[in-house]
Amino acid sequence: MSKKVRVRFAPSPTGGLHLGGVRTVLYNYLFAKQQDGDFVLRIEDTDQTRFVPGAEEYIFNCLKWCGLTPDESAVHGGPYAPYRQSERKQLYKQYAEQLVKQGNAYYAFDTAEELEQMRAAFRTEQNPSPQYNYEVRERMKNSITLSEQEVSTLIAQGTPYVIRIKMPQDEVVTFTDMIRGEVSFDSSLVDDKVLLKADGMPTYHLAVVVDDYLMKISHAFRGEEWLPSAPVHILLWRYLGWENEMPQWAHLPLILGPDGAKLSKRHGNKYGFPIFGMNWVDPNTQELTEGFYERGFLPQAFVNLLAMLGWNDGTEKELFSMEELIDRFDISRVNHSGAIFDYEKAKWFNHEWIKKLPVADYKDRVQKIFEENNITISDDNKFEKVLEQVKDRCTLLNDFVTQASFFFVAPKEIDTASIKPKWDEKKQQFFVELIRAFELTAIWQHDDLEKEFKEIAAVHQLKPGEVMMPLRVMLVGGKFGPGVFDIATIIGKEETNRRIKHTLQLLS
RNA sequence: GCCGCGUUGGUCAAUCGGUUAAGACGCAUCCCUUUCACGGAUGAAUGACGGGUUCGAUUCCCGUACGCGGUACCA
């Protein structure tokens with residue numbers, strides 16, 4: 206049942222899943238879905254010191270929230286399992302050895318100190334970071350400079366070694382990127398990357414190639430930061446004899462912070478917006494990084510804004526559902542340049558989706574937020590009606606608390622300062638009268654309340670506008686919210702009168 | 001330094017040689033609204049620079065500048 210299109214995503218193991226990461230998954234997912242292919246998730250957990258506990262589960266939760274559940278993954282299984290790199294460790298070594306035998310790679314015995322010495326020796330102002338390349342390898346301790354005898358002795362003695370790729374000299378490595386077209390590199394300028402580390406674990410370079418081959422990945426999407434190492438990967442595919450099965454590459458443009466540098470946690474802290482999908486607590490430092498979920502973003506909005514950061518369908522349409530994205534997304538229309546993330550626009554997307562979606566789609570989350578603010582919702586029907594009433598005013602889900610809590614509990618603070626300056630005996634009398642009239646009102650409904658209100662105002666020689674604002678403040682606590690009589694209708698006669706009386710007391 | 005990728009308003013961006021150079025966010029003004037929003041209208045604001053190619057370049061080519069990315073036994 207192997208399908209033609211299989212795209213793979215391997216999240217960064219350092220913990221936290223940031224905007225760029227989610228967008229890469231999203232584009233992977235969209236592409237896979239529109240070709241009816243498989244979306245594969247491989248976990249890179251090779252390096253014990255860097256792979257953070259809990260990161261894997263966290264990544265799944267994030268993706269699930271966004272609606273990007275993989276078809277094959279470390280938890281879902283599938284024909285090409287295992288997907289966790291640590292569980293595939295034994296696979297890589299044989300390929301590295303094969304490359305050595307073929308003469309495309311070699312053993313290197315240099316210690317960290319020796320490497321540092323080499324770099325120090327070759328470092329000049331013109332060349333601040335010397336590479337382990339075709340020239341340098343001739344002076345180092347490896348199976349090219351050492352005799353076969355010496356090499357086998359060293360290995361027999363248990364000397365730690367790595368396997369490095371032997372980059373050819375003066376060769377132009379060219380490949381076609383789905384986004385950028387033809388890209389080429391001069392092999393002499395790429396260093397001999399380590400393929401297998403001293404602990405027997407593969408580096409990313411070896412692992413992606415071997416895994417993509419074994420997992421029959423047909424399309425590989427990744428961030429633009431990988432472009433410079435693409436020639437290493439291309440050569441590996443060639444040397445391993447798999448070039449005909451090499452995936453098509455797509456190097457996605459970077460997502461940038463407001464200062465134009467690659468988006469990082471630093472930006473989130475500095476500018477006060479989330480950059481992770483969900484809250485991430487670093488288990489080592491206990492540092493909390495807030496997520497879009499916790500900020501009150503809807504998954505539809507999050508996916509939408511990410512999709513539009515570097516892509517558009519050429520029309521003026523900006524609001525896309527996942528289904529519409531699958532339908533319209535086109536990898537060849539992805540921009541070539543990095544995009545600065547604009548949090549204001551991100552909020553706009555959320556606002557649009559809050560307005561667009563029926564409240565039933567998100568009322569459970571809002572209810573939870575209410576409960577966190579010690580407001581219990583007993584009447585589900587009323588809750589839905591209220592949310593419908595105020596959703597146009599909410600940019601983030603958390604905004605519902607300020608915009609709607611007064612429907613359920615009396616406001617804690619009454620902004621009397623805004624009515625006090627123009628307050629007088631005439632108005633005081635008006636409200637006393639209003640309470641009396643309201644108490645006698647048999648049918649408590651919007652139009653009747655407004656009519657009564659206006660009549661009493663006329664009797665007291667007041668313009669409705671003069672007492673409208675005070676009434677609003679009495680009911681909601683401040684100068685905001687939907688129509689006053691809509692509010693009064695929903696909270697009921699008793700509560701309305703209670704709040705008017707309460708404020709009257711505060712004013713006297 | 002070297003290599004790679006980029007460069008249209010403050011931001012996201014359309015245009016596949018000929019347009020008054022779209023649209024969106026944000027901003028400003030106005031209308032609507034006896035509040036705040038929503039909605040509607042209007043406005044300010046853009047092709048980095050220099051050379052080519054062409055009847056004609058934002059668009060194609062070259063150079064310069066600038067930005068970003070890479071240059072690890074990290075991914």
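Using my numbering, count along the first sequence one by one with no gaps and you end on 713.
C-beta atoms are modelled at their ideal positions from N, C-alpha and C, and glycine is treated no differently.
Because the structure is a prediction, the values reported are computed rather than measured.
Please list the terminal residues of the continuous beta strand (DSSP E) segment that includes residue i.
i	result
ALA455	453-457
LEU654	Premise fails: LEU654 lies in the alpha helix (DSSP H), 651-664, not in any beta strand (DSSP E).
GLY428	424-428
ARG213	211-214
TYR312	310-313
LEU511	Taken as a continuous stretch (DSSP letters only), LEU511 belongs to no beta strand (DSSP E), being part of the alpha helix (DSSP H) at 504-512.
ASP716	For the chain, the structure presents residues 206 to 713; residue 716 sits outside this window and is missing.
From the options, pick the residue whose C-alpha is nearest to that of residue i; which is it?
i	options	result
LEU511	PHE613, ARG500, PHE554	PHE554
ARG500	LEU601, ASP653, ARG533	LEU601
LEU320	TYR312, ASN484, GLN336	GLN336
PHE685	LEU709, GLY697, PHE605	PHE605
TRP649	THR490, PHE611, PHE635, PHE690	PHE690
GLU549	ASP382, SER217, PRO275, PHE502	PHE502
ARG211	MET513, SER217, TYR232	TYR232
ALA466	SER542, SER583, PRO258	SER542
ASN338	VAL399, PHE265, GLU630, PHE612	VAL399
TRP558	GLU387, ASN540, ARG598	ARG598
GLY670	LYS627, ARG247, GLU700, THR274	LYS627
GLU699	TYR311, GLN666, PHE643	PHE643
ILE368	GLU262, GLU261, LYS298, SER423	LYS298
MET383	ASP404, PHE426, ILE422	PHE426
MET420	LEU639, THR646, ALA215, LYS632	ALA215
LYS238	ASN586, GLN710, GLU657, LEU530	LEU530
So for residue i, helix, strand or coil by DSSP?
i	result
ASP391	strand
ASN555	helix
ILE695	helix
ASP547	coil
ALA647	coil
ARG289	strand
THR621	helix
GLY221	coil
MET206	Since pLDDT at MET206 reaches only 45, below the 50 mark, its modelled position is unreliable, and no value is offered.
LYS467	strand
PRO675	helix
LEU400	strand
GLU528	helix
Using the beta-carbon count (16 or more within 10 Å), is residue i buried or exposed?
i	result
THR219	exposed
ASP417	buried
MET206	Residue confidence is low: MET206 scores 45 on pLDDT, short of 50, so the model does not pin down where it sits. Its coordinate-derived value is still stated next. Exposed, since its Cβ has fewer than 16 Cβ neighbours within 10 Å.
THR381	exposed
ASP652	exposed
LEU441	buried
ASP250	buried
GLY308	exposed
PRO563	exposed
GLY688	exposed
In angstroms with no decimal places, state the Cα-to-Cα distance between residue i and residue j.
i	j	result
ALA313	GLU343	11 Å
ASN489	ILE460	27 Å
LYS617	GLY682	8 Å
VAL539	ALA326	44 Å
PRO463	THR229	20 Å
THR358	ALA279	40 Å
ASP375	GLU302	25 Å
LYS706	ARG641	11 Å
ASP487	PHE497	17 Å
ALA286	ASN603	41 Å
LYS475	LEU493	14 Å
GLY282	GLU330	51 Å
TRP431	LEU514	19 Å
LYS596	LYS560	6 Å
LYS402	THR379	27 Å
ARG570	GLN634	43 Å
ARG289	GLY482	22 Å
LYS573	ASN579	10 Å
Could you check where the alpha helix (DSSP H) with residue i kicks off and where it finishes?
i	result
VAL725	Here the chain covers residues 206 to 713 and nothing more, so residue 725 does not appear.
THR229	224-239
THR358	353-361
TYR300	294-307
ILE368	First-last for ILE368: 367-370, but that is the beta strand (DSSP E), not the alpha helix (DSSP H).
THR381	Counting along the chain, THR381 falls outside any alpha helix (DSSP H), though it belongs to the beta strand (DSSP E) covering 377-382.
ASP569	568-577
ASP604	604-609
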